[in-house]
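Residue numbers (the working numbering): 15 to 406.
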DNA sequence: AAGACGTGGGT
DNA sequence: TACCCAAGTCT
């Protein structure tokens, strides 16, 4: 092997052959028994790859099973309404994946008579399929010798090459893809690629890599130099921004007001109670929240505090949506992170009085308690809904 | 080309 | 607690 800045091949022929053989032998006995490894059905491979984007295996498995149960083939998926797809995706995150997988299913059913393209280049033209996913489907399902680079293999390649520079640059990515291209075999490329990923996740871990158990450590430049813990270089960390959201479950009779997030908004396609960002959050409410976080008893006795704060939220609702309501309850405070935001969400409940709900959203609906279960809600929306249902 | 996009688990 | 990370893609 040569150093990481060189563009010449990193393995000679003999090394490469030995590398592949050792990796293969290791994978045969070490591979995990995962649902999507029991099939070569392109539809199932595709679904698993989309679900696994930025998502852990443990989180995916139950979603994968449920999804397949509901949509056994691309046809069933293609003819389903988008809301059903989103409902099955609820809680998994990155919901554009669900919208794209549906879009692509329709394309494949209609334009390709339900047959998946086999080449990585053609696959990559489809919504939600980038270079990695295209290579994965092409190699796993069709045994085409397409290279792959994702989190596990990226780390593995970087260590094999003792790649010192940041991996986030265009140049680094290009070099990693070149390396992947060099090592992928003509014979059993799918198994080879999966073996690389498995090795990356089980042995060549981000922290505390198990080099002692690694079948290919003798080819690893980082290991030879004792630098496997410092390679790859850690990513630059991004600052978190604190934001505050207010959320109100407005009730008219026995129905709650729900709105659907629009295209381009966070949680697009999902539904939630009336909810908005309110960063000039009154300090007094901050106090309420803190009290709620630390103790629940005693909080609800302070009726005066509540009367004052409810009035404030009612005013915000009126100003913002020309919607009149009578708040009755401070239900819960939820904190959660979304990428680079840390959201403090305060959830209130109350009775609708008057005003047009169209001012909230063009797709606002009054929904009964039982119907609530059928709508795809955001994570926090679901928590809130559960707490409302529990106390009814 | 940097930033947006969600959530849960591990340390 | 706070921070890091996970089978990326899109704009």
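Note that the Cβ used here is the ideal one computed from N, Cα and C, for glycine as well.
I'd like to check one pair, residue j with residue i: are the Cβ atoms closer than 8 Å?
{"i": "residue 326", "j": "residue 398", "result": "no"}
{"i": "residue 82", "j": "residue 111", "result": "no"}
{"i": "residue 154", "j": "residue 132", "result": "no"}
{"i": "residue 376", "j": "residue 363", "result": "no"}
{"i": "residue 161", "j": "residue 34", "result": "no"}
{"i": "residue 254", "j": "residue 100", "result": "no"}
{"i": "residue 122", "j": "residue 178", "result": "no"}
{"i": "residue 259", "j": "residue 289", "result": "yes"}
{"i": "residue 332", "j": "residue 365", "result": "no"}
{"i": "residue 128", "j": "residue 89", "result": "yes"}
{"i": "residue 394", "j": "residue 350", "result": "yes"}
{"i": "residue 149", "j": "residue 134", "result": "yes"}
{"i": "residue 221", "j": "residue 194", "result": "no"}
{"i": "residue 197", "j": "residue 30", "result": "yes"}
{"i": "residue 126", "j": "residue 174", "result": "no"}
{"i": "residue 262", "j": "residue 287", "result": "yes"}
{"i": "residue 348", "j": "residue 257", "result": "no"}
{"i": "residue 180", "j": "residue 247", "result": "yes"}
{"i": "residue 269", "j": "residue 367", "result": "no"}
{"i": "residue 272", "j": "residue 389", "result": "yes"}
With DSSP as the reference, label residue i as helix, strand or coil.
{"i": "residue 392", "result": "coil"}
{"i": "residue 242", "result": "coil"}
{"i": "residue 187", "result": "helix"}
{"i": "residue 219", "result": "coil"}
{"i": "residue 171", "result": "helix"}
{"i": "residue 228", "result": "coil"}
{"i": "residue 198", "result": "coil"}
{"i": "residue 311", "result": "Residue placement at residue 311 is flagged as unreliable, the pLDDT there being 45, under the threshold of 50; the coordinate-derived value follows with that caveat. Coil, per DSSP."}
{"i": "residue 251", "result": "coil"}
{"i": "residue 92", "result": "helix"}
{"i": "residue 257", "result": "strand"}
{"i": "residue 264", "result": "strand"}
{"i": "residue 285", "result": "strand"}
{"i": "residue 17", "result": "With a pLDDT of 43 at residue 17, under the threshold of 50, the modelled position of that residue is not reliable, and the figure given next carries that caveat. In the structure shown, residue 17 sits in coil (DSSP, three-state: anything other than H, G, I, E or B)."}
{"i": "residue 295", "result": "coil"}
{"i": "residue 181", "result": "coil"}
{"i": "residue 385", "result": "helix"}
{"i": "residue 374", "result": "coil"}
{"i": "residue 236", "result": "helix"}
{"i": "residue 106", "result": "coil"}
{"i": "residue 400", "result": "helix"}
{"i": "residue 405", "result": "coil"}
{"i": "residue 165", "result": "helix"}
Within the continuous beta strand (DSSP E) that includes residue i, where are the two ends?
{"i": "residue 416", "result": "This structure cannot speak to residue 416, because the chain is shown only from 15 to 406."}
{"i": "residue 364", "result": "355-368"}
{"i": "residue 344", "result": "338-352"}
{"i": "residue 291", "result": "288-291"}
{"i": "residue 320", "result": "Note, residue 320: premise wrong, no beta strand (DSSP E); alpha helix (DSSP H) at 317-335."}
{"i": "residue 270", "result": "269-274"}
Beta-carbon within less than 6 Å of residue i's beta-carbon, same chain only, minus the 5 sequence neighbours each way: which residues are those?
{"i": "residue 223", "result": "242"}
{"i": "residue 312", "result": "With a pLDDT of only 48 at residue 312, under the threshold of 50, the placement of this residue in the model should not be trusted; the figure read from the coordinates follows. Same-chain partners within the cutoff: there are none."}
{"i": "residue 36", "result": "229, 230"}
{"i": "residue 335", "result": "373, 374"}
{"i": "residue 116", "result": "96, 99"}
{"i": "residue 147", "result": "63"}
{"i": "residue 386", "result": "399"}
{"i": "residue 60", "result": "151"}
By Cβ distance below 7 Å, which residues in the same chain neighbour residue i in space, the five residues on each side in sequence not counted?
{"i": "residue 166", "result": "211, 214, 215"}
{"i": "residue 49", "result": "75, 78, 79"}
{"i": "residue 66", "result": "74"}
{"i": "residue 239", "result": "176"}
{"i": "residue 252", "result": "354"}
{"i": "residue 109", "result": "100, 103, 281, 282, 283, 284"}
{"i": "residue 293", "result": "257, 258"}
{"i": "residue 235", "result": "15, 174, 175, 176"}
{"i": "residue 276", "result": "282"}
Note the first and the last residue of the continuous alpha helix (DSSP H) segment covering residue i.
{"i": "residue 382", "result": "Run containing residue 382: none in the alpha helix (DSSP H); it sits in the beta strand (DSSP E), 378-382."}
{"i": "residue 110", "result": "110-125"}
{"i": "residue 415", "result": "The structure shown does not extend to residue 415, since the chain is modelled only from 15 to 406, so the question has no answer here."}
Here's a check: name, in chain order, each residue in its chain whose Cβ is nearer than 8 Å to the Cβ of residue i, leaving out the five neighbours to either side.
{"i": "residue 372", "result": "378"}
{"i": "residue 38", "result": "202, 205, 206, 209"}
{"i": "residue 171", "result": "163, 177, 190, 193, 194"}
Beta strand (DSSP E) runs contained entirely in the segment 131-163, provided each spans 3 or more residues: none
Going along the chain, which unbroken runs of the alpha helix (DSSP H) with 4 or more residues stay wholly within the segment 20-62? 27-44
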